[in-house]
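Worksheet for the structure shown next.
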Amino acid sequence: MAFIHVPKPWQLPERVATSETAFLNRRKFLKAFTGFSIAGAALPLLGCQSQATEGDPLQGVVSLPADRNPTFVVSDRPLTNERVAATYNNFYEFGSNKHIWDEAQRLPTHPWQVEVTGLVKNPRTYDLDDLLKFDLEERVYRFRCVEAWSMVVPWIGFPMKVIMQQVEPTSQAKFVRFTSFYDRQITPGPSFPPSQFLPWPYTEGLRIEEMANDLAFFAVGIYGHTLPKQHGAPIRAVLPWKYGFKGAKSIVKIEFIDRQPATYWNTLAANEYKFESNVDPTVPHPRWSQARERLIGPDSEFTFTEVPTLPYNGYGEFVANLYT
Ligand SMILES: Nc1nc2c(c(=O)[nH]1)N[C@H]1C(S)=C(S)[C@@H](COP(=O)(O)O)O[C@H]1N2
Ligand SMILES: [Mo]
C-alpha cells in the first residue's frame, strides 16, 4: 500500500503516476471512464482488503519434480517463503488487491489448451499434457514488480524458445503476443472502476529476439509443484529481466505477428508501463524512483529488506546484447 496516494491538487495529472493498483483508482482515470467522483468511491476498494483466512492458498497443486538448472540460481538474496509468494499476488482478472488467491480459485484450469498461431510454419494447439511433456527444469529467478517490491522464486517450466522451435515463426514474425484467460462471468475484474472499461483480455508481448533469449521462460510450476491458480495456472510467462507485469498469467493464446501489439498496461498508461519495461534502476517510474526495491520476506509480506535494484534485474549478461 505504500505507493497508494491521493494526488495533491497542484500535481499535474500527467505526472501523477501510480502503482498498477493505484492507477485504477486515479482521479483522471475515473473521470475519463465513469464520470464518478473519486471521493468515497475509491475508499471501499482500498480500505476493505482484508486478508482471507479460510482455505489453503496451495490447494489443488500436484508435485512436479524438475532438476534445478545450475545456471539460474540466486546467491545474493534468500528464496521467498512459498506461502508469502502465494498470498501476495497481482491478478487483476479477479480484482485489484494483493490478497487475491482465494478469488483466483475460480479459474477453471482443466481442460486447458494453448493455441499457438499467426506467422508460423506449424500452427498448433497444445493440450496442457503436451506442455508438461517438455523437459522441465527449475530456475530460481529474481522477480521485480514495477511497484518496487521484489521476491526470489523457484519456477518450473521450459524456455520459450522450445515452442518457437516447434512452430517455426516465419521471417515476417517480429513480435509475439500472449493472451490470458478471460471470461466475464469467471474473471470479473476489479469491482471499481467498472471492469468493462479495462482493456480485457490481459495481453502482453515481446520482440521475437527477446522471446528467443534463453531467460524467457514458460512456467508450469513453482516450489516443486504445479502453479497455484493465483500464480497464473496452468502456464504463465516469466521474464526476469523485465518488470513483473510483462509476465502474462494463465496463457491461452500465443500469436506471432508483424508489429508491436497493444498490451494491457501499456494501453491504460503508455508513459508508465512501457512495452519494453526492462528493469532499470536509472529510469524512474514517473512518480517514484526505481533505484531501490523492497525485497519482500523472506518469511512475511510485512517485513522487507530494502536493496538496490540491479540493471536488467541482474540478468545483463544474458540480455544486454538485445538492447545495444
Ligand atoms: N493475466 C494477468 N497476468 C499478470 C497480471 C495480471 O493481473 N493478469 N499481473 C502481472 C503483475 S503486475 C505481476 S507483478 C505479476 C505477479 O505475479 P505473481 O502474482 O505470480 O507474483 O503477474 C503479472 N501477470
Ligand atoms: Mo507488477
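Numbering-wise (the numbering used here), the sequence shown opens with residue 92 and increments by one.
In this text, a Cβ means the ideal position worked out from N, Cα and C, and glycines have one as well.
Do you know offhand how far residue i's Cα is from residue j's?
i    : j    : result
E385 : K212 : It is worth fixing the name first, because residue 385 is Arg in this sequence and not Glu. Going from the Cα of R385 to the Cα of K212 covers about 44 Å.
A339 : L330 : 10 Å
L170 : P352 : 34 Å
E346 : F272 : 14 Å
W246 : A264 : 28 Å
A361 : S368 : 11 Å
R378 : R350 : 30 Å
V311 : T415 : 32 Å
P372 : A113 : 21 Å
T178 : P148 : 7 Å
T208 : H201 : 21 Å
F249 : F309 : 6 Å
Q256 : R233 : 26 Å
E408 : P285 : 43 Å
Q381 : K252 : 30 Å
R168 : M242 : 9 Å
N412 : P402 : 13 Å
I277 : L198 : 7 Å
F185 : S341 : 12 Å
Can you determine whether any heavy atom of ligand 3 sits closer than 7 Å to the C-beta of residue i, and answer yes or no?
i    : result
V237 : Although ligand 3 was asked about, the structure shown includes only ligand 1 and ligand 2 as ligands.
Does the separation of the CB atoms of residue i and residue j fall below 8 Å?
i    : j    : result
V231 : V152 : no
V244 : I313 : yes
W291 : E111 : no
R327 : E229 : no
F395 : G296 : no
Q150 : Q204 : no
E363 : V175 : no
L155 : L227 : yes
T261 : L210 : yes
V398 : W332 : no
R215 : V258 : yes
Below 8 Å on the Cβ atoms is my guess for residue i versus residue j; work out the distance and round it to an integer in Å.
i    : j    : result
R275 : N404 : Wrong, their Cβ atoms sit about 34 Å apart, outside the cutoff.
Y183 : P281 : 6 Å
V374 : T400 : So it is not a contact: roughly 10 Å between Cβ atoms.
T270 : K337 : T270 to K337, Cβ: 14 Å. No contact.
Let me know the beta strand (DSSP E) ranges lying completely inside the region 315-401, each 3 residues or longer, listed in chain order.
-> You should have 327-329, 342-348, 383-387, 395-399.
Length at least 3, wholly inside the region 224-264: the beta strand (DSSP E) runs in chain order | For the region 224-264, the full-length beta strand (DSSP E) segments reaching 3 residues or more read 228-235, 240-250 along the chain.
If you scan the region 156-224 from start to end, which runs of the beta strand (DSSP E) of 3 or more residues do you find wholly inside it?
-> At a cut-off of 3 residues, the continuous stretches assigned as beta strand (DSSP E) that sit fully inside the region 156-224 are 204-209, 215-218.
Within the chosen definition, does the region 213-230 reach the region 377-396 through at least 3 CB pairs nearer than 8 Å?
-> Short answer: they don't touch.
Is there contact between the region 184-196 and the region 310-326, where contact requires at least three CB pairs shorter than 8 Å?
-> Contact holds: three or more Cβ-Cβ distances are below 8 Å.
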